[in-house]
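In UniProt numbering, the protein residues as written are 1 to 375.
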């Protein structure tokens, strides 16, 4: 198949919504598909390490088209990404308009977009699919109109499909397909200094729940004074989180590591990996990655995690925005090494059997072929 993937931000931004298209591109190309990624042209110093890594691999069957932005729209990229949703939307509308002519030249069998507004200018004579990675927290009737530009939707989890159901027309084909992870068996721990190491990874934005975790950690420390919290990631909430750490007198107990390439090494070293997001999530890639190396995971309900975690068997699920519940779950695991080992072993086994990219990309391929044939 000839497959075009539209994502203007994969060239410079790091998040699940950017990593997943890159993973799709790499693995779809490995199956022999002719894959084209269309993204924004950025100077080398502004490109993300994930994007650079993919470019440097020079994968057969994979082409990357970096589209220049007209000067009159360069102001968009002076606004810090991840803060203002209007910035996201303006960029999507602009980029979709620019990408139109290149899609006509490529003539794909199918076009996959990853954000609602990214694909509304895609040529309508090709099959257009929207891969839904999360869900909105508010209701806007205009989303129904935008969804009509797509012939099918694929949701990353059942909760995402349910959240979008009111907007999806009955004649629009709607599917659920989870993502995968590249399982690696040679990951080594990092020898972190805490006696009990808690690891969080994600964008430092409010909905990821890092502030809830810091609040919960204050209670954990009272019971386990040698615990240490590692916060991996960057974002606009960082200054507030650091101020919260100082206010709660947790200095020296919390380490901010910024964007980190070796996430798996930290997860391998974690006594507990914690992901307390509370809204808009579809299925967190970091949850799969942590589970794949045997880290016991504590995460929240209502964010797609129920599709992969059986509570008390392959991880622990708690309600979002509940620091007391989060603290209890973390403390319970830190005090019970046998339980940590059991959950971690079950998690790694479940990921290896059901959520590898080698398995999921074949399912994705079959689904794209079906959609292209039937739409």
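Think of the CB as a built atom: it goes at the ideal place given N, C-alpha and C, for glycine as much as any other residue.
For residue i, the first and last residue of its enclosing alpha helix (DSSP H)
{"i": "residue 131", "result": "Per DSSP, residue 131 belongs to no alpha helix (DSSP H); it is in the beta strand (DSSP E), 127-132."}
{"i": "residue 100", "result": "85-106"}
{"i": "residue 304", "result": "It is not in any alpha helix (DSSP H) - residue 304 carries neither H nor E in the DSSP assignment."}
{"i": "residue 51", "result": "49-57"}
{"i": "residue 220", "result": "210-223"}
{"i": "residue 359", "result": "357-374"}
Member of the options whose CA lies at the smallest distance from the CA of residue i
{"i": "residue 129", "options": "115, 76, 335, 157", "result": "115"}
{"i": "residue 139", "options": "172, 338, 164, 190", "result": "164"}
{"i": "residue 152", "options": "137, 212, 176", "result": "176"}
{"i": "residue 42", "options": "9, 72, 99", "result": "9"}
{"i": "residue 67", "options": "98, 93, 61, 58", "result": "98"}
{"i": "residue 184", "options": "107, 268, 242, 75", "result": "268"}
{"i": "residue 320", "options": "290, 28, 274, 348", "result": "274"}
{"i": "residue 350", "options": "72, 310, 361, 333", "result": "310"}
{"i": "residue 120", "options": "108, 149, 136", "result": "149"}
{"i": "residue 373", "options": "55, 354, 323, 110", "result": "110"}
{"i": "residue 38", "options": "27, 11, 28", "result": "11"}
{"i": "residue 178", "options": "356, 370, 371", "result": "356"}
{"i": "residue 364", "options": "300, 210, 83, 154", "result": "154"}
{"i": "residue 222", "options": "200, 196, 243, 235", "result": "196"}
{"i": "residue 244", "options": "261, 62, 78, 212", "result": "212"}
{"i": "residue 29", "options": "358, 375, 371, 370", "result": "358"}
{"i": "residue 72", "options": "59, 90, 265", "result": "90"}
{"i": "residue 338", "options": "295, 125, 32", "result": "295"}
{"i": "residue 369", "options": "265, 33, 125", "result": "33"}
{"i": "residue 127", "options": "266, 5, 291, 331", "result": "5"}
{"i": "residue 256", "options": "202, 290, 305", "result": "202"}
{"i": "residue 371", "options": "82, 331, 172", "result": "172"}
{"i": "residue 70", "options": "231, 80, 40", "result": "40"}
{"i": "residue 36", "options": "26, 54, 63", "result": "63"}
{"i": "residue 198", "options": "205, 242, 270, 226", "result": "270"}
{"i": "residue 208", "options": "58, 287, 56, 174", "result": "287"}
{"i": "residue 158", "options": "278, 282, 86, 94", "result": "282"}
Coarse secondary structure for residue i, derived from DSSP in three states
{"i": "residue 163", "result": "helix"}
{"i": "residue 14", "result": "coil"}
{"i": "residue 171", "result": "coil"}
{"i": "residue 238", "result": "helix"}
{"i": "residue 66", "result": "strand"}
{"i": "residue 255", "result": "strand"}
{"i": "residue 200", "result": "strand"}
{"i": "residue 45", "result": "helix"}
{"i": "residue 156", "result": "coil"}
{"i": "residue 121", "result": "coil"}
{"i": "residue 273", "result": "strand"}
{"i": "residue 281", "result": "strand"}
{"i": "residue 297", "result": "strand"}
{"i": "residue 351", "result": "helix"}
{"i": "residue 263", "result": "helix"}
{"i": "residue 76", "result": "helix"}
{"i": "residue 176", "result": "strand"}
{"i": "residue 61", "result": "coil"}
{"i": "residue 287", "result": "helix"}
{"i": "residue 181", "result": "strand"}
Assigned exposure category for residue i - 16 Cβ within 10 Å defines buried
{"i": "residue 23", "result": "buried"}
{"i": "residue 298", "result": "buried"}
{"i": "residue 102", "result": "exposed"}
{"i": "residue 228", "result": "buried"}
{"i": "residue 131", "result": "buried"}
{"i": "residue 362", "result": "exposed"}
{"i": "residue 239", "result": "exposed"}
{"i": "residue 137", "result": "exposed"}
{"i": "residue 135", "result": "buried"}
{"i": "residue 60", "result": "exposed"}
{"i": "residue 145", "result": "exposed"}
{"i": "residue 289", "result": "buried"}
{"i": "residue 347", "result": "buried"}
{"i": "residue 118", "result": "buried"}
{"i": "residue 308", "result": "buried"}
First and last residue of the uninterrupted beta strand (DSSP E) at residue i
{"i": "residue 137", "result": "Where residue 137 is concerned, there is no enclosing beta strand (DSSP E), given that its DSSP letter is neither H nor E."}
{"i": "residue 113", "result": "110-113"}
{"i": "residue 318", "result": "316-318"}
{"i": "residue 34", "result": "34-40"}
{"i": "residue 231", "result": "227-232"}
{"i": "residue 333", "result": "Here residue 333 belongs to no beta strand (DSSP E); instead the alpha helix (DSSP H) covers 323-334."}
{"i": "residue 71", "result": "It is not in any beta strand (DSSP E) - residue 71 carries neither H nor E in the DSSP assignment."}
{"i": "residue 5", "result": "2-6"}
Residue-chain proximity (residue i, chain E), Cβ-Cβ < 8 Å
{"i": "residue 130", "result": "Although the question refers to chain E, the structure presented lacks it and comprises just one protein chain."}
Between the region 313-320 and the region 340-354, are three or more C-beta pairs nearer than 8 Å? Three or more beta-carbon pairs drawn from the region 313-320 and the region 340-354 are found closer than 8 Å, and the two stretches are therefore classed as touching.
The region 317-330 touching the region 218-235, judged by at least three CB pairs closer than 8 Å: Flag = yes, the region 317-330 and the region 218-235 touch.
Three-pair Cβ contact test at 8 Å for the region 157-172 versus the region 181-197: In short, these stretches do not touch, since the Cβ pair count stays below three.
For the region 244-251 against the region 274-294, are there 3 or more C-beta pairs whose distance is under 8 Å? With the cut-off at 8 Å, the region 244-251 and the region 274-294 do not touch.
Pairs of beta-carbons, one from the region 48-62 and one from the region 18-38, closer than 8 Å: are there three or more? A contact is defined here as three or more CB-CB pairs under 8 Å, and the region 48-62 meets this definition with respect to the region 18-38.
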